[in-house]
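Novice: Would you mind keeping the following structure in view while I ask a few things?
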Amino acid sequence: MGQPPYPYQTRLAMGSEFPTSLRVPTGAGKTAGAVLAWLYRRRFHPDGSVRSATPRRLVYCLPMRVLVEQVRDNVCGYLDRLGLTQAVSVQVLMGGEARDDDWMLYPERDAVIIGTQDMLLSRALNRGYALSRFRWPVPFGLLNNDCLWVFDEVQLMGAAVPTSTQMAAFRSRLGHWGPSHTLWMSATLAPGWLSTVDHPRPAGPHVELGQEERDSPELGRRLGAAKHLEHLQVRSSPKSKGYASELAAKIGRMHQPGTLSLVIANTVTRAQALFEALESASKVELLLIHSRLRPVDRQAKLERLLAPVPPEGPGRIAVSTQVLEAGVDISCALMVSELAPWTSMVQRFGRCNRKGEYRRARICWVDLPRGESAPYRAEELEMARSLLGDLEGCSAAPISLPDPELPREEHEVLRLKDLVELFDTGPDLSGNDVDISRFVRESDQHDARVFWRSWPEGEDPPPDWPRPARDELCAAPLAELREYLSREQAWAWDHLDRRWRRVHRAELWPGQVLALRAEAGGYRPDLGWCPEARGSVASLQPALGEPEEAGGDDHQTIAPGFWQSLADHSNEVVARVQAMVSTLGLDGLAELQEDLVSAARWHDLGKAHPVFQEWLLADLDQGERLSRSAVVWGKSPDAGRRRRRKSRPHFRHELASLLALMEAPIAGSMAPLSDLALYLVASHHGKVRLSIRAFPGSDGHSRRGRPRFLLGLAEGDVLPPVALGDGHELPSTTLGLWPAAMGEHDGARSWQRVALSLRDSAGLGPFRLAYLEALIRAADAQASRDAAMRGWLI
Amino acid sequence: MTRADMALPGCTPEPLGHYLKGLAVIRLVAEQKDEQALARWSSGCLILHTRLEPGDLVRFFLQEYRPTPVLSPWNKDSKLWPGVAWPDAVGAIVQSSDPRLAEYAAAIRQVSAILVRAKYPAKPKKPDKIRLLRTLRSEMPDSFVRWMDALCALEDDGVGMAPVLGSGGCDGRHEFSVNFMQRLGQVILPAAGGASAAWLLHSLFATGSPALVGAPVGQYHPGGVGGPNAAAGFHGDSLVNPWDYVLMIEGAILLASSVARRAGTQARARAALPFTFTVRSSAAGSRTLGESEASSGRQEVWLPLWARPASLGEISHLLAEGRAQVGRRSAESSTDFARAVVSLGVDRGLAGFTRFGFLKRSGKSHLAAPLGWQPVEERLHVELLEELDPWLRRLRTISQRAEAPASIRGHVRAIDDAIFAFCRAGRTEDLQEVLVAVSAAELGMARSKFGQGQAQPLAPLSLAWASACNDRSSEFRLAQSLASLYCATGATAAGIAVGPLRTHVEAVSVSPTGKVSWDPGSTAAVWRNGALLDSLVAMLERRCVDAAKVSPLEHAPVAASRPASLGDLHAFLSGQLDLAKLDRLGVALSMLRWPLWPDQRQGQPGLQVGQVPAALDRLYGICKLPFHHGPLPAAGPEGDNTAIRPDLAILARLRADDADTAVRLATRRLRGAGLFPVGTRGRGTRGKLPALTIKPGAGAAIAAALVFPIRESAIAGLMELVLMQPALTRESIQLAE
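This is the structure:
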């Protein structure tokens, strides 16, 4: 872009095969190389077979949030210059994004999805962080089919690396739609990292810099940029208060006016202490950047960091943590860094005198005693300490650094059995969600996300609050949150009760989103998350927004709209599905078109149930109700309906659809649908998948003389006759609850057996099945959204 | 292809080993021979629904069955460590060219290589063991992962072991994997011969009586196990059918926990157990378990039986999830599990559960003892038990402390027993017993310094308990009337002067908003267990005295939201009731959240005169009028209500069976208000009193009866019964004179 590509970048775009691993030094344009190569191969390659073998979605996975925004900006820039902003959508996944669902709504479009390993891998594992559990299957399906996964800065990904290789192996073993490929990139990539039990060391092409590139003037200057390395003695123990002030004083003396100095501490707490010490000791412009900031504050700081330093001024000192270790394109004249593992040190060095623009660039490293190695392991630091010792007084230019053999890290490896079990998202009534964090990140680095708002003291937050927006959310480590909660309080959304519920400190888990009281403090815009900070926190609550979803909602498909009959809605979803299948043009998908169309046709059959129809008509006066009751409705204009409960709690129309479709063939009133069509009908809101469970409370219990309910349906409920368009009709059907129980019923298979056989079938398997779920849900949501748009226009 | 049912009488729900055999058969057949096979439990054994004939099934196991690689290299007795000579059975498998054993042999070689590479120490410490477990789970083939998940759950900072497979695949000196390989050698290696077929027929179909082999059987078969008294010698080996042993282990593998159980967020936060239907043992509901066994931290497992033919997929999904819910949390203890079984938690079309406890026997080894059978049936009102959970959890915790009085443990056990009994039978009386046990425990806590120091009083329970416990008996209704007594006066700075029944049964105070807290200095707690009549009289006296401290006493402070009927009071007075039951229910119902104040919104209903039992004791009637909770209702349409003050001396006279004085005192009060009992002669006729007698010893009951609140209509009925009609009073008497 604007400069000719490096030869290795050309090899990525033009090579006969896309590589599996890429190892180039920092600053050599990995991101541009990977993204533009995908774009070229997907849209511009002269060979049609290369284009069709290139996945529709580029999933760009990064270890840290700061990198995500930067890559997003870069990608948007490329697309803008290529005039592709309409054709290729760019989505960022960092949690709490208000509108991060376009790529899920239009699975037929090309998209670049950029996110952190937490957000992306949790979605790929069917347990999407900061996402309603009922939507989990959608990104699970879309991220495991027709995707090019790029893992950038692999050296920082820890437990995510074996998960990424295992997932790649499972995709090829269990089957997927469309092409699927994974590229691992790093400046310090050891091929051994990529070999796990089901994923042998990749045989695919490996790309590195050639000699000519190393010698080229541009790269040569970067690779040879001199930076003097020395060990900086600090007497105080890192635990003591004196540490920050001693180090700050030394930094103040070494800082060169008119330049940028970068100080990197291994923990946020020490970075905060250093920042405060420097604040009182020097007049230089100061910045603190770490992972526990709200996005607005982080963005503002990043912009200041990246702004040029006025050469005549006093200069700038940025204090940070690992977040600036990789990817951020800055260059400092002085770097002071605490001892970190060798791969991290190499990355940090890359931020000093990056383009060779300083003559007297210095890197000072500060040793840490053995007991203070966290968050790293003592052995890792030991290795780095000895390598640094050898380099004392030498230059840390990329070409001068040794390339030691890195030890293999031990992580818990995701096994096939685990993945297959993760397919089930059946709600656990006890709030006992599967904690997949061990497969996503190191165990001592787990964060929850918190946001601050004001509401009357002594009460729970109102249930119709706009759901937290991305800009409100700040990462907070679980251990510190527990401490914080010993004196303050937090609330989490309870989808069963549709309310914000106070959580106990023992109930926290990674990825959880928690509301804190603005008056309780815990955050300062300059310091970030800081549990000791007592002042009130500014609330960033959006004025408008969707409330959180509860067990009975799916906001995507109950957008405000207008009156639409069930038959019209079914016709529209059928048309959407047909269009989608033909646009996608994936091998093997056309053969399933009949199942998909049946599912689209019958998916909302259960809406004919009197409970649902009454709910739609409830706000009308007597006259209108009478005149409307002749039609079976699929949608009605929303008039405060969302807040009103159906007459039976937990009523699920898709379960009514399923029960009717399992019962009708037995009664002889229709030919049976295929297992796949049945599954897609049941799962189209993500709430009836492998198991059908009653909810606690009024559901399921039989009160004296009343029938027993299962998700609002009772044995013997009658579904009136329904017409679903295009001549599809079903006479009145009496529903039985037998499919929900285990085992055969009069020779008919239980629902679970049907669903399990699809999950386990060689022709479908978990990935392909979830993808089809995602397609049906997308078609349904597209149709509903269009209906809503028309409703607005009328 | 036709499919038919095949009963396997050798695979029975009990003992544990035979249940596991059943799981092994459906697993191995569906995985290795007939993918479409189904299984169900019926007629006391497993019924296989398959295309195989019995002969095919036998041939499958003898000739085709490929064993799962079962190895536990982390156990010292597994003898797989570098430098240790392999046991013969291991060597035989590694050297065998039999394709059925190829996977097993490969696994042994791979494990050995990992042990060498990992430099596994000869004396491993716990972290070494965990590291090895983690490496094995990361690197070994999928079939081995399943075996590992059946016996252990790796967590961030430790490892949990499933009790069904002992402790990591060994129980005392009994190492499961080595024994498994030895038994395999006896049944599938060439040396097995014809004995193997006979053993298999015995194992599956319970036919024939082949000679068994002497070998340890572990914890699975209490009947057949050796031990100190089973044979001569210190550690008598038992006699075992080798196929039984092989299939037991193969079946246990189906109990592998899922990632949802292993990695549940709750599992970490609340230490729920990660294994299939496994909970902490408690002695409740079982006669087999002693208190010490239950408290030794051992676990128990509840294994499901299903009555409809189910596929292997369904069965393993059920077992892998292995979750039983109590309300919103996972079942943690056996009492929880009993509740889960009858509430929603286990809602899968299951017939019931067999409960197995792991009891310590003979040294370090254990036995899986069947502890009973719990059918899956819905029980009304089981959800009410959730209200007890926070308090009960606290009680359970502190009862384990060394300094806790033994009585608290007894109370916990009594509550657990009552919950079990309720879950089994589900009758109203059973739920009453739960409430009675809870209130007894609460009183026990209130009366012990330890209890008051360690826990808060039981937070009042919802009124749903009252309707759920209503057995429609007079005792219940009377107890309910007492429990629903209002606070008689407003709150003062010191709190409520005259509180609800709860303040009389234990030393607590109740705030105007209903919060209950300990009040060691309480003088209101006059209730004595087992002395109901005394308690009731003392309570009435105390209420009057306390009310008089706040303002002059105008009425007896005995108003209530659910007053008693005269019919029930008649039954009480005529000695027809079970006083012990009334006593217990009164205390029990006092634990509920009764309204503390009259509902102001309700208007006064028009006065109606209630029915009065013809035989109602008139002495009660005359004495109750001064002890009504408000002014006596006006008799005529334009009459005024009549204020009348209680006279505590009446109580003492009644208790002394002194009817005459009691009547005199009551009459004096009534006349003062211008009311004249039948039998007097109206105004100005001194000395003439109703002639009412009392049976010796019956006075106490009459005194006690005065505390029961009654309705306005009932008091009007009493007035009609014992007072001269207005037409006969004042004017008419004056006229007569």
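Line by line, the protein sequences give chains E and H.
Each residue of the first sequence is one higher than the one before, starting from 1 at the first, in this note's numbering.
Each residue of the second sequence is one higher than the one before, starting from 795 at the first, in this note's numbering.
Backbone N, C-alpha and C define an ideal beta-carbon position, used for all residues, glycine too.
In this text, all values refer to a predicted model and were calculated from it rather than measured experimentally.
1. Which chain H residues are close to E:Gly192, counting only those with a beta carbon under 9 Å from its beta carbon?
2. Let's see if you can read the secondary structure: which residues bound the beta strand (DSSP E) around E:Val66?
3. I believe E:Phe140 touches E:Ala770 by the beta-carbon criterion, under 8 Å. Please report the beta-carbon distance rounded to the nearest angstrom.
4. If you run the structure through DSSP and keep just helix, strand and coil, what is E:Tyr60?
5. Please work out which residues of its chain come closer than 6 Å, Cβ to Cβ, to H:Ala1494, disregarding the five sequence neighbours upstream and downstream, and give them in chain order.
6. In the DSSP assignment, what residue or residues form a beta bridge with E:Phe709?
7. Here's a check: name, in chain order, each residue in its chain whose Cβ is nearer than 6 Å to the Cβ of E:Cys352, leaving out the five neighbours to either side.
8. At what residues does the beta strand (DSSP E) containing H:Met955 begin and finish?
9. Quick one: grab the DSSP three-state call for H:Thr1072.
10. Note down the Cα distance separating E:His446 from E:His411, rounded to an integer number of angstroms.
11. How close, in whole Å, do the beta carbons of E:Tyr60 and E:Val112 come, if the pair is a contact with beta carbons under 8 Å?
12. Within 10 angstroms of the Cβ of E:Met857, are there 16 or more other Cβ atoms? Answer buried if so, exposed if not.
13. State the Cα-Cα distance for the pair H:Gln1194 and H:Arg1187, rounded to the nearest angstrom.
14. Counting Cβ pairs closer than 8 Å, one from the stretch 1213 to 1228 of chain H and one from the stretch 1360 to 1369 of chain H, do we hit at least three?
15. Let me check one thing: in DSSP terms, what residues is H:Gln1370 bridge-paired to?
16. 7 Å is my cut-off, CB to CB: does H:Thr796 come that close to chain E?
17. Measuring only the C-alpha atoms, how far is H:Ala991 from H:Thr1001?
18. Please determine if the stretch 944 to 962 of chain H and the stretch 1034 to 1054 of chain H are in contact, where contact requires at least 3 C-beta pairs separated by less than 8 Å.
19. Where does the unbroken alpha helix (DSSP H) through H:Trp1259 begin, and where does it stop?
20. Do E:His206 and E:Ser21 come within 7 Å of each other at the CB atom, strictly closer than that value?
21. Step through the CB atoms of chain E and report whether any lies within less than 7 Å of the CB of H:Glu1269.
22. In chain order, what are the residue ranges of uninterrupted alpha helix (DSSP H) at least 4 long that sit wholly in the stretch 157 to 221 of chain E?
23. Output needed for H:Tyr1538: all residues of its chain with C-beta closer than 7 Å, excluding positions within five of it in sequence on either side, in chain order.
24. In chain H, which residues lie less than 8 Å from E:His650 when you measure between Cβ atoms?
25. Using a C-beta cutoff of 7 Å, does H:Ser1105 count as contacting chain E?
26. Let me make sure I understand the geometry here. Which of E:Pro463, E:Val573 and E:Pro477 has the alpha-carbon closest to that of E:Leu605?
27. Per DSSP, which residues does E:Arg23 bridge with? Please list them.
28. Compare the beta carbon distance of H:Arg1356 and H:Ser1275 with 7 Å and say whether it is the shorter of the two.
29. Name the chain E residues that come within less than 7 Å of H:Ala1114, Cβ to Cβ?
30. Taking DSSP as the reference, what is the three-state secondary structure of H:Phe1538?
31. From the DSSP output, which residues share a beta bridge with H:Ile902?
32. Flag H:Arg1544 as yes if its beta-carbon sits less than 7 Å from any beta-carbon of chain E, otherwise no.
33. I need the straight-line Cα distance from E:Arg127 to E:Ala13, nearest angstrom please.
34. Is the closest heavy atom of the ligand FAD to the C-beta of H:Thr1001 under 6 Å?
35. How many angstroms separate the CA atom of H:Ile982 from the CA atom of H:Leu1033?
36. Against chain H, with Cβ distances strictly below 7 Å, would E:Glu276 count as a contact?
Specialist: Reading off the structure:
1. Counting from 1 along the first sequence, the entry for residue 192 of chain E is found at position 192. Here the premise fails: no neighbours, minimum Cβ distance about 14 Å.
2. Within the first sequence, residue 66 of chain E is the residue found at index 66, counting from 1. Careful: E:Val66 lies outside any beta strand (DSSP E), inside the alpha helix (DSSP H) at Arg65 to Leu82.
3. Residue numbering aside, residue 140 of chain E sits at position 140 when the first sequence is read from its first letter. Residue numbering aside, residue 770 of chain E sits at position 770 when the first sequence is read from its first letter. Indeed they touch by this definition, with Cβ atoms about 5 Å apart.
4. On the first sequence, position 60 is the one that residue 60 of chain E refers to. It is a strand residue.
5. Position 700 of the second sequence holds residue 1494 of chain H. Taken in chain order, the residues that qualify are Leu1327 and Arg1449.
6. Within the first sequence, the letter at position 709 stands for residue 709 of chain E. Beta-bridge pairing links E:Phe709 to E:Ala714.
7. Indexing the first sequence from 1 puts residue 352 of chain E at position 352. Correct list, in chain order: Lys227, Cys332, Met335, Ala361 and Ile363.
8. Reading the second sequence from its first residue, position 161 is the one you call residue 955 of chain H. Gly952 to Met955 is the extent of the beta strand (DSSP E) around H:Met955.
9. As a working note, residue 1072 of chain H is residue 278 in the second sequence. Residue state, collapsed to three classes: strand.
10. Within the first sequence, residue 446 of chain E is the residue found at index 446, counting from 1. Within the first sequence, residue 411 of chain E is the residue found at index 411, counting from 1. Going by the C-alpha atoms only, they are around 15 Å apart.
11. Start at 1 with the first residue of the first sequence, and residue 60 of chain E comes out as number 60. Start at 1 with the first residue of the first sequence, and residue 112 of chain E comes out as number 112. Yes, E:Tyr60 and E:Val112 are in contact; Cβ-Cβ is about 6 Å, under 8 Å.
12. Residue 857 of chain E lies beyond the residue range present for chain E, which begins at 1 and ends at 794; the question has no answer from this structure.
13. Residue numbering aside, residue 1194 of chain H sits at position 400 when the second sequence is read from its first letter. Residue numbering aside, residue 1187 of chain H sits at position 393 when the second sequence is read from its first letter. Rounded to the nearest angstrom, the two C-alpha atoms are 11 Å apart.
14. no
15. Your numbering for residue 1370 of chain H matches position 576 in the second sequence. Its beta-bridge partners do not exist; DSSP assigns none.
16. Residue numbering aside, residue 796 of chain H sits at position 2 when the second sequence is read from its first letter. No, because no Cβ of chain E sits closer than 7 Å to the Cβ of H:Thr796.
17. Taking the second sequence and counting its residues from 1, the one referred to as residue 991 of chain H is at position 197. Taking the second sequence and counting its residues from 1, the one referred to as residue 1001 of chain H is at position 207. Looking at the two C-alpha atoms, the distance is approximately 11 Å.
18. yes
19. On the second sequence, position 465 is the one that residue 1259 of chain H refers to. For H:Trp1259, the uninterrupted alpha helix (DSSP H) run begins and ends at Ala1258 to Cys1263, by DSSP.
20. Position 21 of the first sequence, counting from 1, holds the residue named residue 21 of chain E. Position 206 of the first sequence, counting from 1, holds the residue named residue 206 of chain E. Yes, the pair counts as a contact, with Cβ atoms nearer than the cut-off.
21. Translated into the one-based positions of the second sequence, residue 1269 of chain H becomes position 475. False, the Cβ-Cβ gap to chain E never drops below 7 Å.
22. 160 to 174 and 211 to 215
23. This structure leaves residue 1538 of chain H out entirely; chain H is present only between 795 and 1531.
24. Counted from its first residue, the first sequence places residue 650 of chain E at position 650. Ordered by position in chain H, no residue passes the 8 Å Cβ test against E:His650, which lies about 12 Å from the chain.
25. Here the question's residue 1105 of chain H lines up with position 311 in the second sequence. With 7 Å as the cut-off, H:Ser1105 counts as an interface residue toward chain E.
26. Taking the first residue of the first sequence as 1, we reach residue 605 of chain E at position 605. Nearest of E:Pro463, E:Val573 and E:Pro477 to E:Leu605, Cα basis: E:Val573.
27. What you label residue 23 of chain E is simply residue 23 of the first sequence in a count that begins at 1. Under DSSP, the beta-bridge partners assigned to E:Arg23 are E:Ser186 and E:Glu208.
28. To locate residue 1356 of chain H, count along the second sequence from 1; it is residue 562. To locate residue 1275 of chain H, count along the second sequence from 1; it is residue 481. For H:Arg1356 and H:Ser1275, yes; Cβs fall inside 7 Å.
29. Residue 1114 of chain H sits at position 320 when you count from the first residue of the second sequence. Per Cβ cutoff of 7 Å: Glu421.
30. Within the shown structure, residues of chain H are numbered from 795 to 1531, placing residue 1538 of chain H beyond reach of any answer.
31. Within the second sequence, residue 902 of chain H is the residue found at index 108, counting from 1. Per DSSP, none; premise fails for H:Ile902.
32. There is no way to answer for residue 1544 of chain H, as the model of chain H reaches only from 795 to 1531.
33. Locating residue 127 of chain E in the first sequence gives position 127, where the first residue counts as 1. Locating residue 13 of chain E in the first sequence gives position 13, where the first residue counts as 1. Those two C-alpha atoms are separated by around 33 Å.
34. Among the ligands in the structure shown, none appear at all, so the ligand FAD cannot be discussed.
35. Position 188 of the second sequence holds residue 982 of chain H. Position 239 of the second sequence holds residue 1033 of chain H. When rounded, the distance between both Cα atoms is 19 Å.
36. To locate residue 276 of chain E, count along the first sequence from 1; it is residue 276. So no, E:Glu276 is outside the interface.
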